[in-house]
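J.: Sequential numbering from 13 applies to the sequence shown in this note's numbering.
No residue lacks a Cβ here, since even glycine has one placed at the ideal position from N, Cα and C.
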Amino acid sequence: MTSQDLIMFYRQFILLLSACLACAAAFSNPLALDTDIDPQRLSDIVKTLASDEFEGRAPGTAGEEKTIAYLVEQFKALGLKPAGTSGAWTQSVPMLHTTIEQPDKLAFSATDKSLQLIQGENIEISTLHDVDAINFDSAPVVFVGFGVDAPERDWDDFGDIDLRGKVAIFLVNDPDFSASPEEPVAGRFGDRRMTYYGRWAYKFEEAARRGALAALVIHETEAAGYGWSVAASSPGDNIALAESSGAEPPVMLQGWLKYEAAESLFEMAGLDLSQQRKQARSPDFKAMPLKGLSMNAELKVKTEQFESQNVLAMLPGTTRSDEYLMVSSHWDAFGLGVPDEQGRTVRPGANDDALGTAGVLELARVLKQGEPLQRSVLFAVWTGEESGLLGSKAYAEKPLYPLEKTAANFTLDILQTAGLARDVILVGEGQSELEDDLAAAAAQQGRVVTPETLPENGLFFRADHFSMAKQGVPVLLMMGIAGGADLVEGGREAGEQWIADYVGNCYHKTCDAWDENWNLDGAVQDINAFEIIIRDLANSERWPEWKSGSEFKAIRDASAAARP
Ligand SMILES: [Zn+2]
């Protein structure tokens, strides 16, 4: 090669290299976003909320005080209006905290055997009652299968069994979750999609309606959607609304039974659990007493009433300020727990849901800065989500702004931190017209909508948007663990791996901490999708509706006269 050749070669090499760099740059960011949502601000807010100083933001603790003060200061600085009770920034949510430590006595007994139950190890049991002690002897035990009473699906697990004063044992999820296609039950409960009948919340409510003393759900990782360590992450601890307009008083004791313990229990009754699980999928299944078995308990209960707070801020609309869009997240996390391997006790809830809360604050900032909107936007940061959607439930029971004139609720709860995605994940496919809005917003971003890939986890029933849905408000949820996004780097596989890592290692644990290596570009995309929909809806006269077939349509339709 001559020197001239060498120079030519280098020139071509450099041209090629620069072209390659340009194409690589374009490839790494093909989805240039038209938004002021700032990933650095998201990161900074999460860093603060998830710092040790906030002690994992458990309701009723010093961590709550710091969190509320921080959120109010942020909304104030953005120039929003206080939208809580009587001109305040907050709405009070009275709560009851109960703790059952290692019980004096807790066991299942048969004539010749007994099974000792150890809090957090093979059982997780708590109460929602304001009592000092719970004592009972020889309570009969009944296996209720999936414990579903669904006349509209022609399914009744209970028959004429009387559950009063008894311990009801439930299977998790709904009857067709693990059914093969040839079984008669297949498809009756949405196949692998979890219906509300699959949620523990439904099972405890159903047991209460039937006057049961206790309700225990047999834990299975796949069917529950999370492992035993998540189910038993705060053994014996429970928080409920101190004043709720809910129907029946809850069961005295509720919780999870570890699968291996349930196996032993069934053995004591001469039964095989795996066979009974299969039996419970048959339409002929009926609840049955576990013969010769009873449960004994002597438990001390510590109770404490306290006030927690929802934070509410308003961006008033210009011409139709009495019509609302609601944007929400939850500020609470799991507080302090037992030390992990590294000695960390704070469960900082960085992704769940400091990141969603940062998203709400960023939406507040960019919407306030932008062109004025005709409808009002209410920003609501709820308390007590992790204790059973309590803050949002309290608001839904005593709304400060009419729900029938709330056009939609947008909830951010866990966003992926693995970078730009080619799609956005839709939770609750087929529910409301908001999914068409989401598709339009995604198209504007150069993305497509992908339905959640893990509908069996029942995420549509597991975040605060559900409290609003139950009252008929159309909802849209962004939840990073609903399905693996098709990431620009690594595709769907990388998106699924992110979920597996997060849910497997960090969800609800000390490891859910702020990380400087997060790539928040995908989170910005998802928040921006809400931004696009909100700007459009806030300047429109449209009231999104539930689609036909949605269980929430009837309640919304009943208030149609209230909307112009
Ligand atoms: Zn959450």
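So for E468, helix, strand or coil by DSSP?
T.: Note: E468 maps to helix in three-state DSSP.
J.: Given 7 Å as the limit, tell me if H477 has its C-beta closer than that to any heavy atom belonging to ligand 1.
T.: No - ligand 1 has no heavy atom lying nearer than 7 Å to the Cβ of H477.
J.: Under the three-state reduction of DSSP, which class applies to P564: helix, strand or coil?
T.: Looking at the sequence shown, residue 564 is not Pro but Phe. Of the three classes helix, strand and coil, the one that applies to F564 here is coil, per DSSP.
J.: Do S320 and P71 count as a contact pair if the criterion is CB distance below 8 Å?
T.: Going by C-beta atoms, P71 is nearer than 8 Å to S320.
J.: Please specify which runs of the alpha helix (DSSP H), each continuous and at least 4 residues long, are wholly inside the region 51–122, giving them in chain order.
T.: For the region 51–122, whole alpha helix (DSSP H) runs of length 4 or above, ordered along the chain, are 51–61, 74–90.
J.: Does the beta-carbon of I578, which I'm using as the reference point, lie nearer than 7 Å to any heavy atom of ligand 1?
T.: This structure leaves residue 578 out entirely; the chain is present only between 13 and 576.
J.: Looking at K178: is its Cβ nearer than 8 Å to the Cβ of V154?
T.: In contact: K178 and V154 (Cβ atoms closer than 8 Å).
J.: According to DSSP, is E409 part of a helix, a strand, or is it coil?
T.: Helix, per DSSP.
J.: Excluding the 5 residues preceding and the 5 following F542 in the sequence, name in chain order all residues of the same chain whose CB lies nearer than 6 Å to its CB.
T.: Closer than 6 Å at Cβ, skipping near neighbours: F422.
J.: Starting from H342, follow its DSSP beta bridges and name the residues at the other end.
T.: According to DSSP, H342 bridges with W394.
J.: Compare the C-alpha of A535 against each of T522, T395, N363 and name the closest.
T.: Selected option, being the one with the closest Cα: N363.
J.: Which residue or residues does DSSP assign as beta-bridge partners of A151?
T.: In the DSSP output, where bridge partners are listed per residue, A151 has M307.
J.: Would P193 be called buried (16 or more neighbouring beta carbons within 10 Å of its own) or exposed?
T.: With fewer than 16 other Cβ atoms within 10 Å, it is exposed.
J.: Roughly how many angstroms separate the alpha carbons of M264 and T139, rounded to a whole number?
T.: Approximately 6 Å, taken between the alpha carbons.
J.: Are the CB atoms of H109 and E316 nearer to each other than 8 Å?
T.: In this structure, E316 lies closer than 8 Å to H109 by Cβ.
J.: Determine the extent of the beta strand (DSSP E) in which T418 is found, giving its start and end residues.
T.: First-last of the beta strand (DSSP E) with T418: 418–424.
J.: Can you list the beta strand (DSSP E) stretches of 3 or more residues lying completely in the region 451–532, in chain order?
T.: Entirely contained in the region 451–532, the beta strand (DSSP E) runs reaching 3 residues are, in chain order, 460–463, 487–490.
J.: Grouping DSSP H, G and I as helix and E and B as strand, with all else coil, what is T315?
T.: Strand.
J.: Go to W240, then tell me how far its alpha helix (DSSP H) extends in each direction, as first and last residue.
T.: That run of the alpha helix (DSSP H) goes 240–243.
J.: How is L33 classed by DSSP in three states: helix, strand or coil?
T.: Here L33 scores only 42 on pLDDT, less than 50, and its place in the model should not be relied on; the value that follows carries that caveat. Helix at L33.
J.: Determine the DSSP secondary structure at W555, reduced to helix, strand or coil.
T.: Here W555 sits in coil by DSSP.
J.: Does the region 411–420 come within contact of the region 328–338, defined as at least 3 CB pairs closer than 8 Å?
T.: Because the criterion of three Cβ pairs below 8 Å is met, the region 411–420 and the region 328–338 touch.
J.: Around the Cβ of R387, are there at least 16 other Cβ atoms within 10 angstroms (buried) or fewer (exposed)?
T.: The residue in question, R387, is buried, as its Cβ has 16 or more Cβ neighbours within 10 Å.
J.: Please confirm whether A226 and Q288 have their CB atoms less than 8 Å apart.
T.: It is not a contact, given that the beta carbons lie outside the stated cut-off.
J.: Would you check if the region 518–531 and the region 468–488 touch, i.e. whether three or more CB-CB distances between them fall below 8 Å?
T.: The region 468–488, when compared against the region 518–531, does not touch it at the 8 Å Cβ threshold.
J.: Would you report the Cα separation of P328 and P384, rounded to the nearest angstrom?
T.: So the two alpha carbons sit approximately 9 Å from each other.
J.: Could you tell me if the beta carbon of H342 falls within a distance shorter than 7 Å of some heavy atom in ligand 1?
T.: At least one heavy atom of ligand 1 is nearer than 7 Å to the Cβ of H342, so yes.
J.: For K215 and A252, what's the separation of their Cα atoms in angstroms?
T.: K215 and A252: Cα-Cα distance of roughly 16 Å.
J.: Who are V358's beta bridge partners in DSSP?
T.: Note: V358 sits in a beta bridge opposite L348.
J.: By Cβ distance, which residues of its chain are closer than 8 Å to Q537, with the 5 residues on each side in sequence left out?
T.: Correct list, in chain order: L43, L45, L432, A433, V436, Q457, R459.
J.: In whole angstroms, what is the alpha-carbon distance linking E501 and D56?
T.: Rounded to whole angstroms, E501 to D56 spans 24 Å at the Cα level.
J.: Would you report the Cα separation of E67 and K59, rounded to the nearest angstrom?
T.: Looking at the two C-alpha atoms, the distance is approximately 13 Å.
J.: For D203, which residues in the same chain have their Cβ closer than 7 Å to its Cβ, ignoring the five residues on either side in sequence?
T.: Answer for D203: D188, listed in chain order.
J.: Does the Cβ of E464 lie closer than 7 Å to at least one heavy atom of ligand 1?
T.: Not so, every heavy atom of ligand 1 lies at least 7 Å from the Cβ.
J.: Please state whether DSSP places P301 in a helix, a strand or coil.
T.: Note: P301 maps to strand in three-state DSSP.
J.: Comparing alpha-carbon positions, which option in R69, D186, Y208 lies nearest A198?
T.: Selected option, being the one with the closest Cα: D186.
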